[in-house]
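Trainee: In this note's numbering, the protein residues as written are 444 to 643.
Where is the CB? At the ideal position from N, CA and C, for every residue including glycine.
All of these numbers come straight from a predicted model, not from anything done at the bench.
Take this structure first; my questions come after.
Have a look at this one:
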């Protein structure tokens with residue numbers, strides 16, 4: 444399969460959603476209490492966050508903001524694979540509209556153009572897909588260039604700025620060799636040990 448980079452941000456987001464959907468689809472209910480690379484989060488917390496992220500960014504792409512007083516569901520109380528598929532599809536449809544990239548959207552870090560928000564959404568969904576794969580013993584699906592595309596996007600710089608201002612949001616960067624695959628360097632940059640395994 445040929446790499447997608449260079450590719451449009453929408454196509455990179457599509458691949459990120461496809462990758463993470465394939466992982467969510469293969470998480471059995473009896474693994475929902477398992478540990479994850481994300482601190483105290485269990486697998487159930489991680490899936491709820493992934494689905495919530497797709498929902499949140501779908502709101503932003505559709506109308507520029509997500510209501511602060513909205514009630515967030517708990518997808519793992521039901522068919523979480525189906526709900527993620529629905530939210531990922533909504534997210535992709537919303538970002539595919541002609542006005543989405545120019546629309547100003549309300550990120551927690553402040554108003555940002557859709558062209559930046561789509562990168563944040565891609566990183567959030569793709570990297571948490573890696574977390575979920577590690578937590579449940581799954582191999583990451585073939586990556587046709589998502590990790591590389593994220594590295595050259597504005598997202599790492601935004602993440603570094605957030606870490607500098609709010610150190611509790613991201614764990615300290617983990618040092619890894621420059622020859623490691625792009626996904627390993629990406630998760631290490633965000634504070635994960637790329638060699639993390641359950642029980643380690």
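1. Check whether the segment 464 to 471 and the segment 606 to 617 touch, using three or more Cβ-Cβ pairs below 8 angstroms as the test.
2. Measuring alpha carbon to alpha carbon, tell me which of 627, 547, 549 ends up nearest residue 586.
3. Kindly identify the DSSP beta-bridge partner or partners of residue 553.
4. If you draw a straight line from the alpha carbon of residue 511 to that of residue 554, how long is it in whole angstroms?
5. Taking its Cβ as the centre, do 16 or more other Cβ atoms sit within 10 Å of residue 480, making it buried, or is it exposed?
6. Relative to the C-alpha of residue 460, which candidate in 528, 487, 559 has its C-alpha closest?
7. Please state the DSSP three-state secondary structure of residue 478.
8. Looking only at DSSP bridge pairs, what is residue 485 linked to?
9. Rounded to whole angstroms, how far is the Cβ of residue 629 from the Cβ of residue 590, which I believe are closer than 8 angstroms?
10. Taking all protein chains shown into account, do 16 or more other C-beta atoms lie within 10 angstroms of the C-beta of residue 513, making it buried, or fewer, making it exposed?
11. Check each candidate in 455, 526, 505 and name the one with the smallest Cα separation from residue 538.
12. Ignore the nearest five residues each way along the sequence and tell me which others in residue 475's own chain have a CB closer than 7 angstroms to its CB.
13. Here's a check: name, in chain order, each residue in its chain whose Cβ is nearer than 6 angstroms to the Cβ of residue 584, leaving out the five neighbours to either side.
14. Would you mind reading off the limits of the alpha helix (DSSP H) that contains residue 530?
15. Kindly confirm or deny that the segment 490 to 501 and the segment 561 to 579 touch, where touching means at least three C-beta pairs closer than 8 angstroms.
16. For residue 634, collect the residues of the same chain with a Cβ closer than 7 angstroms to its Cβ; drop the 5 residues on either side in sequence, then sort them by chain order.
Mentor: This is what the structure gives:
1. Judged by Cβ distances under 8 angstroms, the segment 464 to 471 makes no contact with the segment 606 to 617, as fewer than three pairs qualify.
2. Residue 627 is the option with its Cα nearest to residue 586.
3. Residue 553 has 550 as its beta-bridge partners, per DSSP.
4. Counting only the Cα atoms, residue 554 lies some 15 angstroms from residue 511.
5. It is buried - the Cβ of residue 480 has at least 16 other Cβ atoms within 10 Å.
6. Residue 460 has its Cα closest to that of 528, out of 528, 487, 559.
7. Secondary structure at residue 478: strand, using DSSP grouped into helix, strand and coil.
8. Answer by DSSP bridge pairing, in chain order: 478.
9. Between residue 590 and residue 629 the Cβ distance is about 5 angstroms, and since that is below 8 angstroms, they are a contact.
10. So residue 513 ends up on the exposed side.
11. Residue 505 is the option with its Cα nearest to residue 538.
12. Cβ within range, chain order: 485, 486, 487, 519.
13. Excluding residues within five positions, the ones whose Cβ falls inside 6 angstroms are 462, 465.
14. 523 to 538 is the span of the alpha helix (DSSP H), which, as asked, contains residue 530.
15. With the cut-off at 8 angstroms, the segment 490 to 501 and the segment 561 to 579 touch.
16. Setting aside the 5 residues that flank it on each side, residue 634 is surrounded in the same chain by 613, 614, 615, 616, 617, each with a C-beta closer than 7 angstroms to its C-beta; the list follows chain order.
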